[in-house]
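Read left to right, the sequence shown gives residues 72 to 337 (my numbering). What follows is a set of notes on a single structure, which appears directly below.
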Amino acid sequence: DRALHGGALALLVVDPVSRDQHLPRALRHFTAADRGLPPTALLPALATHPDTVLDAFRVRLRGGSDPADPLRALAEVTDPALARRIAALVRETVAPRAEAAPCVAEYVDRRLGHGPTARTELLPLLTGLLGKGFEAARAALATVLVAPGTPATTPLRRELLDRLLAHERDPEVLVAVLRAAATLVDGDGSGPAAEEARGLVHRTVRLLGRTPEGGDHRLSCLVRELPGFGARLARWLTEAPQEWAAVVGPGVRRAIEERAGTPVPA
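Shown next, in the form of structure tokens:
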């Protein structure tokens with residue numbers, strides 16, 4: 072029974088005494104996506120056989136199967152040198168697959184949970200995603216980076232988000248940032264989160280306006296789609312009309328008035 076063999080091999084490779092003998096066979100089962108051999112079973116072997124185990128993960132991640140479970144397992148690795156190699160592996164094998172973008176974002180979110188030490192692998196990973204062909208991964212990642220997270224992860228999230236926006240010109244990624252920024256504000260719309268959201272929305276709308284199609288149409292669509300977003304924009308326009316005049320066009324103003332029922336300054 073293949074499932075039984077996979078389960079037995081999972082136990083044998085965890086044990087350092089039996090690992091050498093059974094690891095090659097276990098890796099064959101793993102690359103064939105044997106459900107009896109979970110990705111977490113191979114993590115102890117990374118300490119003793121890093122090259123062969125990472126090669127097996129590379130084969131599995133390139134195979135077109137769901138990368139979620141392998142990435143969740145790899146996200147738990149704490150050794151800094153291995154974590155850097157794994158981040159490079161994610162960029163190489165999974166990030167180019169548009170359908171796997173949510174898995175990449177989840178991997179980064181889990182790595183952020185390890186605290187500031189994750190910077191040494193996440194910064195190169197993000198830098199490697201700035202080129203053409205990784206737009207879906209960046210759009211999914213934007214939601215993770217905009218989220219406040221825990222106090223321990225917020226500074227690194229903001230550093231990575233700043234790096235992303237410093238280079239980002241793809242409209243879909245910028246819209247993803249706006250969607251996530253709209254969720255930062257709740258309640259009466261005051262306080263540090265509201266100020267952060269205001270600055271992030273303003274910066275992102277300016278970048279969206281520099282894209283070939285401009286930002287008016289996409290921002291108008293977001294006003295009509297996202298509850299409360301039009302009312303928030305109307306408030307910001309009223310409070311600082313000169314600051315927002317250059318980034319909010321006539322289409323957005325009409326959408327705000329239609330959706331929020333609030334007149335906005337011309």
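C-beta: ideal position from N, C-alpha, C; glycine also.
DSSP-derived helix/strand/coil call for residue i
i: residue 72; result: Caution applies to residue 72, whose pLDDT of 46 falls short of 50 and renders its modelled position unreliable; the value that the coordinates give is listed next. The answer is coil: DSSP assigns residue 72 none of H, G, I, E or B.
i: residue 150; result: coil
i: residue 122; result: helix
i: residue 136; result: coil
i: residue 197; result: helix
i: residue 256; result: coil
i: residue 241; result: coil
i: residue 86; result: coil
i: residue 318; result: coil
i: residue 218; result: coil
i: residue 287; result: helix
Neighbourhood of residue i by C-beta distance below 6 Å, restricted to the same chain and skipping five residues each side
i: residue 72; result: Low per-residue confidence applies at residue 72: pLDDT is 46, beneath 50, and the placement is therefore not dependable, though the value from the model is reported in the following sentence. Closer than 6 Å at the Cβ level, and outside the excluded window around residue 72, lies no residue.
i: residue 186; result: 223
i: residue 83; result: 89 and 93
i: residue 77; result: 100, 105, 107 and 108
i: residue 201; result: 238
i: residue 268; result: 252, 255 and 256
Whole-angstrom C-beta distance between residue j and residue i, which should lie under 8 Å
i: residue 142; j: residue 124; result: In fact, because the Cβ distance is near 15 Å, the residues do not count as touching under 8 Å.
i: residue 302; j: residue 265; result: In fact, because the Cβ distance is near 13 Å, the residues do not count as touching under 8 Å.
i: residue 181; j: residue 193; result: No, residue 181 and residue 193 are not in contact; Cβ-Cβ is about 11 Å, not under 8 Å.
Own chain partners of residue i with C-beta closer than 8 Å, once the 5 adjacent residues on each side are dropped
i: residue 312; result: 336
i: residue 276; result: 249, 286, 290, 318 and 319
i: residue 59; result: Lying outside 72 to 337, the shown extent of the chain, residue 59 is not represented and no answer is given.
i: residue 325; result: 291
i: residue 81; result: 97, 107, 108, 109 and 112
heavy atom of the ligand SAH below 8 Å from residue i C-beta
i: residue 187; result: Looking at this structure, you won't find the ligand SAH or any other ligand, since it has none at all.
Beta-carbon contacts of residue i that lie in its chain and below 7 Å, excluding the five residues immediately before and after
i: residue 135; result: none
i: residue 244; result: 206, 209, 210 and 213
Pair every Cβ in the region 164-182 with every Cβ in the region 204-224, then say whether three or more of these pairs are closer than 8 Å. In short, these stretches touch, since the Cβ pair count reaches three.
Would you call the region 242-254 and the region 219-226 touching, i.e. three or more CB-CB distances under 8 Å? Taking 8 Å as the limit for Cβ pairs, the verdict is that the region 219-226 does not touch the region 242-254.
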